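For the sequence shown, the numbering used here gives the first residue as 228, with consecutive numbering after it. Note that beta-carbon positions come from the ideal geometry of N, C-alpha and C, so glycine has one too. Fair warning: this is a prediction, and the values are worked out from it, not measured in the lab.
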Amino acid sequence: MSGFPVRRPRRLRQNETLRAMIRETEINVHDLIYPFFVIHGQGIKNPVPSMPGVYQLSIDNLVKEAAGVVAAGIPAVLLFGIPAVKDEVGSGAYDPQGIVQEAVRALKRAYPELLVITDVCLCEYTSHGHCGLVDGGQVLNDPTLELIAKTALSHVEAGADIVAPSDMMDGRVGAIRRLLDTEGFTHTPILAYAAKFASAFYGPFREAAGSAPRFGDRRSYQMDPANSDEALREVELDLQEGADMIMVKPALPYLDIIRRVKDNFNAPLVAYQVSGEYAMLKAAAANGWLDEERTVLESLTAIKRAGADLIITYYALDVARWLK
């Protein structure tokens, strides 16, 4: 018959076996990083209202919950600390007996094989809620670098496998690399929050971490969501300063950035499916508007298809279960 198509793509979509054989992008449990919020105390498991299934955990419960992560085959966790006391200079961030430092020690004692990544920032620890030192209402870049580097060093000394600076101060990767190398930790990788946008999708996280700024916002140091070329410049600078891995955050609204970063640098790339992304999916699923499993797996596949090698997601445990 004239015009009959010789090539029929549907031939290879007829059943799941065929579809699986030619699938271009797959999510694997080894692609996942599970975030935890850790708090002082004993026996604490405070639910985060805007993030169903996510909790603030005391260290004893963190260790219990991490058992499920290890059993699921998820290779790494990311720790955020909630201190008992905050001050103007965020001293809890770099206290050797701080909440993250103690949590790292506990996790590495219990699960030596689990990779522990620590978020390196001051925002959870400062009374003003900003990611750096503040003077006259201005967030100071250069004076903050020493404290960011000091925080990273304290995490590594406690046993952290990877440090992840999220403050977005210019030069912080170089400051961390120099201090770690000087102190003999030349082997410790840095995962840089390289393209971190000043996003409205962080709202639930700030509830979970207690890190909302007391005045102003973070748009003077986090990136303008409208900028793509600038993201490439940020990534390039972090790589030049010694970053071993780079992150784009948030993930789903910034798939174009993930793709451009991967194409331009081909460095190990992590994408963070942030709290707002998680909360939206949870809310839609709770209302019966979306099939949660299918929607989550489709979203994560899109993130990986765009170029992410690893994905930080609060859905990691669910995904590990679904993949089985």
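DSSP three-state label for residue i, please.
i       : result
Phe-307 : strand
Lys-551 : coil
Val-475 : strand
Ile-301 : coil
Met-507 : helix
Leu-239 : helix
Phe-424 : strand
Asn-288 : helix
Ala-294 : helix
Asp-394 : coil
Ala-206 : Coverage of the chain is limited to positions 228 through 551, which leaves residue 206 absent and any answer about it impossible.
Asp-444 : coil
How is the alpha helix (DSSP H) around residue i delimited, first residue to last?
i       : result
Gln-467 : 456-468
Ala-435 : 430-436
Gly-401 : 399-409
Ala-529 : 519-533
Val-233 : Looking at the DSSP string, Val-233 is not in any alpha helix (DSSP H), and its letter there is neither H nor E.
Asn-491 : 482-492
In the DSSP assignment, what are the bridge partners of residue i?
i       : result
Asp-314 : Thr-353
Thr-540 : Gln-500
Ala-419 : Ile-473
Met-450 : Phe-424
So that I know if they touch, is there some Cβ in chain D lying closer than 8 angstroms to that of residue i?
i       : result
Ala-333 : The structure shown contains no chain D, having only a single protein chain.
In the stretch 319-391, which residue ranges form an unbroken alpha helix (DSSP H) of at least 4 residues, counting only runs that do not cross its ends? 326-337, 369-385
Which full runs of the beta strand (DSSP E) of 3+ residues lie inside the stretch 245-284, going along the chain? 259-266, 272-274
Should the stretch 348-361 be regarded as contacting the stretch 291-300, the criterion being three or more beta carbon pairs within less than 8 angstroms? no
Three CB pairs or more closer than 8 angstroms across the stretch 508-517 and the stretch 452-461: At 8 angstroms Cβ cutoff, the stretches do not touch.
Three or more C-beta pairs under 8 angstroms: does that hold for the stretch 531-543 against the stretch 267-277? no
Kindly confirm or deny that the stretch 328-341 and the stretch 358-377 touch, where touching means at least three C-beta pairs closer than 8 angstroms. By the Cβ rule, the stretch 328-341 does not count as touching the stretch 358-377, because fewer than three pairs are nearer than 8 angstroms.
Quick test of the definition: if touching needs 3 or more C-beta pairs under 8 angstroms, does the stretch 434-445 touch the stretch 407-420? no
Is the stretch 418-434 touching the stretch 474-487, taking contact as three or more C-beta pairs under 8 angstroms? Flag = yes, the stretch 418-434 and the stretch 474-487 touch.
Segment contact flag, the stretch 273-282 with the stretch 235-249, C-beta cutoff 8 angstroms, min 3 pairs: no
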